[in-house]
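S.K.: Residue numbers (my numbering), protein chains in the order written: chain A, 5 to 169; chain B, 3 to 126; chain C, 1209 to 1576. Idealized CB from N, CA, C, for every residue including glycine. There's a structure below that I have some questions on.
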Amino acid sequence: MTADLFLTNVAFYVVGAIALVGALIAVTQPNLLRAALGLILAFVGVAGVYFVLEAEFVGVVQILIYIGAISVLILFAVMLTRGLMRGGVAFNTQWVGAALIAVIVFAILLFVVVGTKWNVVTQKVSGDLIPKIGTELMTTYLLPFEAISLLLLAALVGAIVIARE
Amino acid sequence: MLDQYGMVALFAIVAALFPPIGLFVSWLVRPKKPNKSKLTTYECGLEFEDFPEEAQNVWVQFRVQYYIFALIFVVFDVEVIFLYPWAVAYNALGLFALVEMAIFLGILVVALAYAWRKRLLEWV
Amino acid sequence: MDLLNNLFPNLYDWLVGVLHALLAGLNLRADVESALVAGIMGLVVVVVLLLWLVLMVLAMIWFERKTAARVQDRVGPNRVGPWGLLQPIADTIKMLIKEDIIPANADRLVHTLAPMVAAAPAVLAFAVIPWGKGMAPTDLNIGLLWVVAIGSIGTIGLFMAGYGSNNKFSLLGGMRAVAQMISYEVPQVLTLVVIALMAGSLSMNDIVAAQSGWNGLGWYIFAFPVGPIAFIVYYISALAEVNRTPFDIPEGESEIVAGHHTEYSGLKWGFFYVGEYFNFFLICSVAVTLFLGGWQGPLLPGYVWFIIKVYALVLLGMWIRMTWPRVRVDHLMKFAWKVLVPIALINILLASLFVTYALPALNQYGLF
């Protein structure tokens, strides 16, 4: 194994670990704001995974949107619902059933992920990807692109109507 | 590409280590003498402990205005994400790309106009 | 002149040669050896850059205090060293030896992590800025977006500071600071789309190279009418992003004590203070790279020109700070959303027309 491949593998495990630690903090912390910060750490890990996969544009978008915008949204939302800040029990009374279901779902997912024959891409798309993304957006994927703007408009109007209630 | 992002990873590691090392150096040399009044938070005039118990809850009621600004910001951030690949590919694409992007921006200008008309951009 | 211009890249290559010679005795495999050399050299570059940035920030602190003093018709620091040059060092030592007070009932972990999250991203964003010819630490394909994205992480640090202090003034100050920063983030990223349009690339080196025409008139700030508008909108929104006066409500001493860093003392406060200067230096460097042609200039080597241009913009920012009063918070928000965002959007349309119709003709004359 070449040194480059080895380093890429190491990088993948490190960012994966960061994402996992962040996710663990997010689900186990009783303090809601600390849980939100754990979620932000998970976003950092996912951005790292995108960079290791050489999808640099998506990685930067992840940092800009998720860590820059959506994290702020989540933190503000947590601040607005202050009653949940103290309290928040880590274990509630139904934890046995929940753990059982979680293990079963995990087993099913593991079976599916390991057992499927995934289409492995043998040709790497390399070089400067951003002009290609731009061109594809304007030609092949034009309809979803325009639909996205309508979706954003609807999301904004809907969220504002709900937030003002 | 690995060497580019390897450098970025080195930057991230050093940038993450720089504050803790500084704080460690400071921890070695600074005094540690906590006393009761140093540990209270800043408050003009009255002593915090003289307040009744309910008023000692620090959390202020926050206005929804903050959340609405964050919402509008998310929508415009996502819009900007689509502007960048378009801008880089623009030269090769010709005028129809401009028209398509104008439609995209137009719909989002409608969103901004909606927020403007509904007086959501005010800080009351 | 080429020798001076290429001084640092040549130094780098010489060091790589030295390292290869030193490691030859270990008889490593070729790819392992090159990875090791790249790693060590990368570390050297990062540490040198960090030390240089700290030096730049110390110089900026001195510069600000002296200029503020002169503007206010007084002398400024002049006791510590000649012309007060050692004043920032004295300040740093003072910050190191102050006691670190964490308020009771505060969230200790968040309180400690907040200054780190506020100061670290600025260092990370310097990874793509070209300081001279061939002197960008790394040249990412998405360099422009990288700077923008890293700049948006700082808001989380401010929020953590406001929350972690268990003080309602801090919390309010933190939330207001975050609201201000996200409001000015939109015009900031919108104006930079214009640069991507004109350069056809997001890589910082490409953008600097695209501004090389006509001995300085090829800088994007001279690309009427799109360039100056974009520069002004970018500079204003970036000043508001980093909470510099006249947009420094988050830390306005007369209004909300010190806002989100009320409860910080010692080196943690120092990181907020230094972080603000790091960010200010970063936005001036980005503005120089994108609008003022980066390191290009006649006679002097590239890195000298870069420093000169960045300090010119830093002086402009400090001049603005010492001249104008603080903007009221509702005016602040209105200005961002109702003035800057529409201007930036119109600018994008103008720029796309410019690129379609004017740019091919100008390219033939060697411009842009």
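Kindly indicate if chain C contains any beta-carbon less than 9 Å away from that of Y68(B).
M.R.: yes
S.K.: Just curious, the alpha helix (DSSP H) that T1531(C) is in, first and last residue?
M.R.: G1510 to T1531
S.K.: Considering only the beta carbon of each residue, do T1275(C) and M1530(C) sit closer than 9 Å?
M.R.: Taking 9 Å as the Cβ cut-off, T1275(C) and M1530(C) qualify as a contacting pair.
S.K.: Check distances from the C-beta atoms of the stretch 71 to 93 of chain B to those of chain C and list, in chain order, the residues that come in under 8 Å.
M.R.: Result list: F71, A72, I74, F75, F78, D79, V82, L85, Y86, A89, V90, Y92 and N93.
S.K.: Buried or exposed: K1476(C), going by 16 or more other Cβ atoms within 10 Å of its Cβ?
M.R.: buried
S.K.: Suppose contacts are defined by Cβ-Cβ distances below 9 Å. Is L68(A) in contact with A1357(C) by that definition?
M.R.: yes
S.K.: Using C-beta distances below 8 Å, list every residue in its chain close to W1503(C), excluding the 5 sequence neighbours before and after it, in chain order.
M.R.: Here W1503(C) has P1338, W1339, G1340, K1341, M1343, V1416, G1510, Y1511, W1513 and F1514 as same chain residues with Cβ atoms under 8 Å from its own Cβ, once five neighbours each way along the sequence are excluded.
S.K.: Using a Cβ-Cβ cut-off of 9 Å, state whether A113(B) counts as contacting chain C.
M.R.: no
S.K.: Can you give me the Cβ contacts of T1300(C) inside the same chain, cut-off strictly under 8 Å, excluding the 5 residues immediately before and after it?
M.R.: L1266 and G1478
S.K.: Please check the pair L114(B) and V1549(C), which I expect to be a contact at CB under 8 Å, by giving their CB distance rounded to whole angstroms.
M.R.: 7 Å
S.K.: Under 9 Å between C-beta atoms, does G26(A) make it to chain C?
M.R.: no
S.K.: Determine which residues of the stretch 1546 to 1557 of chain C have a Cβ less than 9 Å from any Cβ of chain B, and write them out in chain order.
M.R.: K1546, V1549, P1550, L1553, I1556 and L1557
S.K.: Below 8 Å on the Cβ atoms is my guess for A1335(C) versus V1482(C); work out the distance and round it to an integer in Å.
M.R.: In this structure, A1335(C) and V1482(C) do not form a Cβ contact; the two beta carbons are roughly 18 Å apart against a cut-off of 8 Å.
S.K.: Could you tell me the boundaries of the alpha helix (DSSP H) in which P1433(C) lies?
M.R.: Note, P1433(C): premise wrong, no alpha helix (DSSP H); not H, not E.
S.K.: Got a sec: which bits of the stretch 1351 to 1368 of chain C sit with their beta carbon under 8 Å from any beta carbon on chain A, in order along the chain?
M.R.: L1353, W1354, V1356, A1357, I1358, S1360, I1361, T1363, I1364, F1367 and M1368
S.K.: Counting Cβ pairs, one atom from each stretch, are 3 or more of them under 8 Å apart for the stretch 1405 to 1414 of chain C and the stretch 1360 to 1368 of chain C?
M.R.: no
S.K.: Please return the same chain residues whose Cβ sits closer than 8 Å to the Cβ of T1497(C), not counting the five positions on each side in sequence.
M.R.: I1337, P1338, M1412, I1415 and V1416
S.K.: Answer with yes or no whether the minimum CB distance from Y116(B) to chain C is below 9 Å.
M.R.: For Y116(B), no Cβ of chain C is located within less than 9 Å of the residue's own Cβ.
S.K.: What did DSSP end up calling Y1392(C) once you bin it into helix, strand or coil?
M.R.: helix
S.K.: So is P34(A) in contact with chain C if we call contact Cβ pairs under 9 Å?
M.R.: Chain C places no beta carbon closer than 9 Å to that of P34(A), leaving this residue out of the contacts.
S.K.: Would you call the stretch 1552 to 1562 of chain C and the stretch 1427 to 1438 of chain C in contact, with 3 or more CB pairs under 8 Å?
M.R.: yes
S.K.: Is the beta carbon of D79(B) sitting closer than 9 Å to the one on V1226(C)?
M.R.: No. Outside cutoff.
S.K.: If I measure Cβ to Cβ from A51(A) and keep anything under 6 Å in the same chain, skipping five residues before and after, which residues do I get?
M.R.: G63, Q66 and I67.
S.K.: Please state if the CB of A1520(C) and the CB of S1391(C) are separated by a distance shorter than 9 Å.
M.R.: no
S.K.: If you run the structure through DSSP and keep just helix, strand and coil, what is E1604(C)?
M.R.: Residue 1604(C) lies beyond the residue range present for chain C, which begins at 1209 and ends at 1576; the question has no answer from this structure.
S.K.: Kindly indicate if chain C contains any beta-carbon less than 9 Å away from that of F106(B).
M.R.: no
S.K.: Find the residues of chain E that neighbour V27(B), judging by a C-beta separation of less than 9 Å, and give them in chain order.
M.R.: No chain E is part of this structure, whose protein chains are labelled A, B and C.
S.K.: Please compile the residues from chain C whose C-beta is within a distance smaller than 7 Å of the C-beta of V64(A).
M.R.: Using a Cβ-Cβ cut-off of 7 Å, V64(A) is close to I1350, L1353, W1354 and A1357 of chain C, given in chain order.
S.K.: Taking Cβ to Cβ, would you say A1448(C) is nearer than 9 Å to S1373(C)?
M.R.: no
S.K.: Per DSSP, what kind of secondary structure is E124(B) in: helix, strand or coil?
M.R.: coil
S.K.: When we look at the beta-carbon of A1407(C) and count the other beta-carbons within 10 Å, is it buried (16 or more) or exposed?
M.R.: A1407(C) should be labelled buried.
S.K.: Suppose contacts are defined by Cβ-Cβ distances below 9 Å. Is A15(A) in contact with A46(A) by that definition?
M.R.: no
S.K.: Please return the same chain residues whose Cβ sits closer than 6 Å to the Cβ of L73(B), not counting the five positions on each side in sequence.
M.R.: none
S.K.: For chain C, find out if any of its Cβ atoms is closer than 9 Å to the Cβ of K120(B); answer yes or no.
M.R.: no
S.K.: Measuring only the C-alpha atoms, how far is A1298(C) from V1288(C)?
M.R.: 8 Å
S.K.: Going by Cα to Cα distance, which pick from L28(A), N35(A) and R38(A) is closest to G49(A)?
M.R.: L28(A)
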